[in-house]
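Reviewing the structure listed below.
In this note's numbering, the protein residues as written are 20 to 242.
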């Protein structure tokens with residue numbers, strides 16, 4: 020049985036959660052995030068984009084979880100979301116950046132064409148003119164302009180994340196991995212020439228589970 024999509028209640032959870040994270044969401048941002056959530060629920064019935072079905076849990080586990088990482092992208096100009104799937108954190112970043120950081124562009128890539136078809140629909144319906152969608156393997160992606168931030172959420176082990184997408188990072192850029200528990204063992208296996216610049220514990224409103232950001236730079240990168 021489908022759980023009701025109570026837009027007003029979900030909007031309140033989203034707005035209050037944003038305030039807890041220090042984000043002052045505009046009404047337009049809240050409405051677009053809810054529009055995105057509605058599309059995710061609609062497409063999820065066919066394409067199984069997420070195992071989370073309850074809209075309230077989706078606000079917490081998807082939207083607020085992605086929003087908790089937003090400060091790490093402050094000042095970014097060109098971001099790549101690897102293995103974007105249903106658009107996390109890429110779509111959330113794009114929605115928030117349209118007003119808050121209009122100079123920022125966000126590219127999203129996934130190997131599964133059904134997922135990128137969904138992302139393309141989100142881009143069109145929400146008028147996300149700051150986004151570009153790619154279908155394919157990130158290790159084969161070539162771009163004219165490299166990225167100053169490359170991110171992933173539940174995509175791969177840190178070493179694979181770096182090995183597959185590090186060629187797309189511009190000098191002085193950062194790899195930002197969204198993880199659950201602190202990936203201590205993974206951090207010991209990152210490739211030579213890279214270093215963990217910062218490990219940040221995140222507190223997501225309404226979520227008890229551990230969440231961390233792992234920020235990685237090339238070894239020798241200037242602070």
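Even glycine gets a Cβ: it sits at the ideal position worked out from N, Cα and C.
Return the Cβ separation of residue i and residue j in integer angstroms, given the expectation that the two are a contact with Cβ distance under 8 Å.
i: residue 127; j: residue 96; result: Actually they do not touch by this definition, with Cβ atoms about 16 Å apart.
i: residue 44; j: residue 82; result: Contact flag wrong, Cβ pair sits at about 10 Å.
i: residue 64; j: residue 24; result: In fact, because the Cβ distance is near 12 Å, the residues do not count as touching under 8 Å.
i: residue 253; j: residue 216; result: No information on residue 253 is available, as it lies outside the stretch 20 to 242 that the chain covers here.
Residue i: which of the options sits nearest, CA to CA?
i: residue 132; options: 66, 199, 145 and 110; result: 66
i: residue 42; options: 91, 231, 102 and 62; result: 91
i: residue 212; options: 51, 181 and 39; result: 181
i: residue 237; options: 220, 218 and 209; result: 209
i: residue 111; options: 89, 130, 36 and 63; result: 89
i: residue 233; options: 222, 223 and 202; result: 202
i: residue 115; options: 156, 59 and 53; result: 53
i: residue 160; options: 118, 229 and 185; result: 185
i: residue 117; options: 175, 178 and 47; result: 47
i: residue 60; options: 26, 175 and 36; result: 26
i: residue 193; options: 176, 94 and 75; result: 94
i: residue 55; options: 75, 144 and 121; result: 144
For residue i, which residues in the same chain have their Cβ closer than 7 Å to its Cβ, ignoring the five residues on either side in sequence?
i: residue 20; result: Any reading at residue 20 needs caution, since the residue's pLDDT is 44, under 50, leaving its predicted position unreliable; the model's value is listed next. For residue 20, where only same-chain residues beyond five positions count, there are no Cβ hits under 7 Å.
i: residue 162; result: 187
i: residue 62; result: 68 and 137
i: residue 156; result: 130
i: residue 49; result: 30, 33 and 34
i: residue 259; result: Residue 259 is absent from the model: the chain starts at 20 and stops at 242.
Assuming contact is defined by CB atoms lying nearer than 8 Å, are residue i and residue j in contact in what I supplied?
i: residue 197; j: residue 171; result: yes
i: residue 84; j: residue 206; result: no
i: residue 87; j: residue 223; result: yes
i: residue 104; j: residue 141; result: no
i: residue 102; j: residue 129; result: yes
Apart from the five residues just before and just after residue i, which ones in its own chain have a Cβ nearer than 6 Å to its Cβ?
i: residue 173; result: none
i: residue 158; result: 183
i: residue 100; result: 109, 127 and 170
i: residue 28; result: none
i: residue 39; result: 224
i: residue 71; result: 77 and 80
i: residue 154; result: 132 and 135
i: residue 176; result: 205
i: residue 36; result: 83 and 224
Return the chain-ordered list of same chain residues with a C-beta closer than 8 Å to the C-beta of residue i, the five sequence neighbours on each side being excluded.
i: residue 98; result: 92, 109, 112, 123, 124, 125, 126, 166, 167, 168, 169 and 170
i: residue 229; result: 199, 200, 201 and 220
i: residue 178; result: 205, 208, 209 and 210
Contact the stretch 163-172 vs the stretch 135-143: 3+ CB pairs below 8 Å: no
At least three beta-carbon pairs within less than 8 Å, the stretch 145-156 to the stretch 65-79: no
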